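Protein chains in written order, with our numbering: chain Z, 75 to 401; chain B, 75 to 401.
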């Protein structure tokens with residue numbers, strides 16, 4: 075997986091004639107699509123920093139999703155049943171935690187990742203023009219995403235995706251994402267090209283391991299050896315995304331805090347924090363996000379440290395799916 | 075996997091009456107077994123350093139195997155077909171490289187590891203007395219190991235292994251081994267107790283990853299997260315064992331080197347090393363150990379660095395099973 079071989083597209087953008095631009099604009103308007111230019115304010119911030127940022131995106135659906143905290147999920151087209159189930163479930167759980175799921179609408183893992191995150195607005199980055207549904211069996215999914223999520227392409231309408239368009243598209247999947255999760259990827263697969271872009275773009279890389287006798291384990295296992303974060307469950311990703319989530323969360327909550335409350339206070343003692351946690355928890359299991367919400371303005375770090383301590387002392391129980399409760 | 079919970083047995087050794095000792099010695103002699111005492115010179119050096127080193131071992135077969143470079147292999151009793159195949163194959167390849175395989179003769183992974191390494195002398199550490207064949211279906215394996223390998227126990231003859239004897243036995247598997255490989259281990263399994271001992275004993279820990287939906291992936295994946303070496307193939311273990319192997323190898327070879335040859339020489343240039351490698355290799359693939367043997371006294375480091383370079387330049391081909399040849 076030599077990084078130096080990841081292709082870039084800086085010199086490959088072509089100037090359109092004015093006539094063609096007008097035709098493209100009209101075609102977009104006709105279909106209810108939108109052209110989003112790199113100079114516009116709501117153009118994805120994460121793409122603007124790329125050396126080969128596309129000058130314009132062709133968009134169908136809710137383009138505001140493109141500026142949200144997001145995770146790219148990519149993997150084998152010929153994925154295993156377990157792989158697809160895992161992709162669907164992790165996409166569902168994470169998107170319910172307001173992490174948007176980005177993928178490429180290919181067969182296998184991509185399709186499952188979109189299916190799992192449909193309800194909370196999934197993002198599909200297409201290799202061809204926005205009006206080219208590929209693979210054809212995803213017509214239904216395509217329509218659902220256009221209504222509930224967002225379809226994105228940097229290609230003109232009418233362009234049918236060819237082999238060379240997929241690696242190029244992959245840089246947009248990693249570019250749009252805050253982190254990239256690889257689920258089942260054989261040696262030399264497109265998912266590993268996406269991982270290579272993510273590495274270059276300095277994104278967090280997450281990988282699901284696999285038993286070595288399955289060729290689809292090669293990518294994940296090799297990436298883990300090279301430093302990718304091993305993913306056993308959604309919690310491994312949440313742990314890494316918490317700092318981003320906390321930032322958003324604080325921004326939201328700061329609006330509610332009055333001037334008086336904002337004056338500096340002495341930090342709470344360990345004991346007081348533990349007491350706060352215990353009085354917030356009940357015998358009904360509660361997830362971490364809700365707990366943090368209740369305990370605001372305590373920092374995530376403080377809460378996690380004390381939770382661990384309380385868990386160790388047997389005063390708090392963490393269930394298999396990372397819910398917390400009193401014993 | 076809290077380390078502090080690994081049980082130790084320092085205070086659990088009982089003094090035998092002289093009468094019992096004589097009975098035990100006689101019983102051993104009768105069966106062709108041997109009692110090996112900790113004060114004897116050929117007692118395993120790796121056990122002598124343990125805080126709970128057994129004062130005496132009950133031995134059947136070739137006890138000199140116990141002082142050789144070795145890898146412990148442990149894993150699930152209810153292992154998958156892939157798991158057992160992987161265990162058998164890796165045991166076979168590594169034992170052919172003169173790494174002795176140590177395991178516990180349990181069902182599943184243990185049995186496969188012994189089967190794979192039978193020919194080169196495998197070591198089975200038993201939880202009960204040496205004359206207690208457990209599990210009974212391994213009678214055939216037991217007999218083969220007694221002839222070609224070595225059976226070890228710290229328990230008196232006649233003791234049938236109970237639940238409490240297995241964790242105790244596990245510290246001997248890790249203690250005797252230079253490194254420990256875990257293949258398929260569910261949460262709370264005995265293999266993870268062995269891994270805990272290996273950690274405390276400061277051994278290299280190797281783990282085979284697995285897809286998270288398989289409960290047997292828990293142990294390996296969790297250990298990898300905690301720093302264990304991810305094993306995709308035997309090569310991952312050979313890479314770590316090379317320094318030990320090189321030491322043995324140098325000791326052997328130094329006997330052949332004349333005084334004249336031992337006087338310091340200026341180091342060879344990169345070019346000269348590459349030339350040596352190229353003239354040693356042919357179109358017939360060759361493994362690393364043979365190549366190092368041929369290139370003695372070049373260091374493993376020098377050979378590996380130059381091999382990689384030559385491979386990069388396309389002048390050397392490394393095949394899937396890590397054999398080297400000219401293109």
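Glycine residues also receive a C-beta, built at the ideal position from the N, C-alpha and C atoms. Please read these numbers as outputs of a predicted model, since none were measured by experiment.
Any chain Z beta carbon closer than 8 Å to residue i
{"i": "residue 371 of chain B", "result": "no"}
{"i": "residue 240 of chain B", "result": "no"}
{"i": "residue 287 of chain B", "result": "yes"}
{"i": "residue 186 of chain B", "result": "no"}
{"i": "residue 152 of chain B", "result": "no"}
{"i": "residue 168 of chain B", "result": "no"}
{"i": "residue 328 of chain B", "result": "Low confidence applies here, because residue 328 of chain B scores a pLDDT of 44, under 50, leaving its location unreliable and the question unanswered by this model."}
{"i": "residue 381 of chain B", "result": "no"}
{"i": "residue 124 of chain B", "result": "no"}
{"i": "residue 141 of chain B", "result": "no"}
{"i": "residue 295 of chain B", "result": "yes"}
Within-8 Å CB hit, residue i to chain B
{"i": "residue 299 of chain Z", "result": "yes"}
{"i": "residue 284 of chain Z", "result": "yes"}
{"i": "residue 393 of chain Z", "result": "no"}
{"i": "residue 160 of chain Z", "result": "yes"}
{"i": "residue 307 of chain Z", "result": "yes"}
{"i": "residue 402 of chain Z", "result": "Here chain Z covers residues 75 to 401 and nothing more, so residue 402 of chain Z does not appear."}
{"i": "residue 156 of chain Z", "result": "yes"}
{"i": "residue 304 of chain Z", "result": "yes"}
{"i": "residue 244 of chain Z", "result": "no"}
Alpha-carbon spacing of residue i relative to residue j, whole angstroms
{"i": "residue 199 of chain Z", "j": "residue 281 of chain B", "result": "36 Å"}
{"i": "residue 208 of chain Z", "j": "residue 228 of chain Z", "result": "15 Å"}
{"i": "residue 268 of chain B", "j": "residue 231 of chain B", "result": "24 Å"}
{"i": "residue 196 of chain Z", "j": "residue 274 of chain Z", "result": "24 Å"}
{"i": "residue 237 of chain Z", "j": "residue 153 of chain Z", "result": "20 Å"}
{"i": "residue 389 of chain Z", "j": "residue 400 of chain Z", "result": "6 Å"}
{"i": "residue 297 of chain Z", "j": "residue 312 of chain Z", "result": "19 Å"}
{"i": "residue 376 of chain B", "j": "residue 139 of chain Z", "result": "53 Å"}
{"i": "residue 109 of chain Z", "j": "residue 134 of chain Z", "result": "9 Å"}
{"i": "residue 184 of chain Z", "j": "residue 216 of chain B", "result": "50 Å"}
{"i": "residue 204 of chain Z", "j": "residue 107 of chain Z", "result": "9 Å"}
{"i": "residue 93 of chain Z", "j": "residue 300 of chain B", "result": "60 Å"}
{"i": "residue 124 of chain Z", "j": "residue 278 of chain B", "result": "41 Å"}
{"i": "residue 128 of chain Z", "j": "residue 210 of chain Z", "result": "26 Å"}
{"i": "residue 349 of chain Z", "j": "residue 172 of chain Z", "result": "29 Å"}
{"i": "residue 163 of chain Z", "j": "residue 192 of chain Z", "result": "12 Å"}
Rounded Cβ spacing between residue i and residue j (contact assumed at less than 8 Å)
{"i": "residue 157 of chain B", "j": "residue 257 of chain B", "result": "6 Å"}
{"i": "residue 235 of chain B", "j": "residue 206 of chain B", "result": "6 Å"}
{"i": "residue 259 of chain B", "j": "residue 180 of chain B", "result": "Contact doesn't hold; Cβ gap of about 12 Å is too wide."}
{"i": "residue 295 of chain B", "j": "residue 284 of chain B", "result": "7 Å"}
{"i": "residue 190 of chain B", "j": "residue 247 of chain B", "result": "The pair is not a contact, with the Cβ atoms about 16 Å apart (cut-off 8 Å)."}
{"i": "residue 186 of chain B", "j": "residue 170 of chain B", "result": "Going by Cβ atoms, the distance from residue 186 of chain B to residue 170 of chain B rounds to 16 Å, so no, they are not a contact pair."}
{"i": "residue 97 of chain Z", "j": "residue 308 of chain Z", "result": "Rounded, the Cβ-Cβ distance is 45 Å, inconsistent with contact."}
{"i": "residue 290 of chain B", "j": "residue 271 of chain B", "result": "The Cβ separation is near 20 Å, so there is no contact."}
Residues bridged to residue i (per DSSP)
{"i": "residue 398 of chain Z", "result": "Z:360 and Z:392"}
{"i": "residue 144 of chain B", "result": "B:174"}
{"i": "residue 198 of chain B", "result": "B:177 and B:225"}
{"i": "residue 305 of chain Z", "result": "DSSP output for residue 305 of chain Z lists no bridge partner at all."}
{"i": "residue 127 of chain B", "result": "Answer is none; residue 127 of chain B lacks a bridge partner."}
{"i": "residue 108 of chain B", "result": "B:133"}
{"i": "residue 116 of chain B", "result": "According to DSSP, which records beta bridges pairwise, residue 116 of chain B is partnered with nothing at all."}
{"i": "residue 279 of chain B", "result": "B:254"}
Beta-carbon neighbours of residue i, restricted to chain C and to distances below 7 Å
{"i": "residue 349 of chain Z", "result": "The chain labelled as chain C is not found among the protein chains of the depicted structure, namely Z and B."}
Pair within 8 Å by beta-carbon distance, residue i and residue j
{"i": "residue 360 of chain Z", "j": "residue 386 of chain Z", "result": "no"}
{"i": "residue 83 of chain Z", "j": "residue 126 of chain Z", "result": "yes"}
{"i": "residue 130 of chain B", "j": "residue 112 of chain B", "result": "yes"}
{"i": "residue 351 of chain B", "j": "residue 378 of chain B", "result": "no"}
{"i": "residue 251 of chain B", "j": "residue 145 of chain B", "result": "yes"}
{"i": "residue 120 of chain B", "j": "residue 223 of chain B", "result": "no"}
{"i": "residue 188 of chain Z", "j": "residue 219 of chain Z", "result": "yes"}
{"i": "residue 147 of chain Z", "j": "residue 255 of chain Z", "result": "yes"}
{"i": "residue 347 of chain B", "j": "residue 372 of chain B", "result": "yes"}
{"i": "residue 143 of chain Z", "j": "residue 292 of chain Z", "result": "no"}
{"i": "residue 287 of chain Z", "j": "residue 159 of chain B", "result": "yes"}
{"i": "residue 354 of chain B", "j": "residue 369 of chain B", "result": "yes"}
{"i": "residue 116 of chain B", "j": "residue 136 of chain B", "result": "no"}
{"i": "residue 243 of chain B", "j": "residue 201 of chain B", "result": "yes"}
Residue i Cβ short of 7 Å to the ligand NAD heavy atom set
{"i": "residue 252 of chain B", "result": "Of the ligands one can find in the structure shown there are none, so the ligand NAD has no counterpart to examine."}
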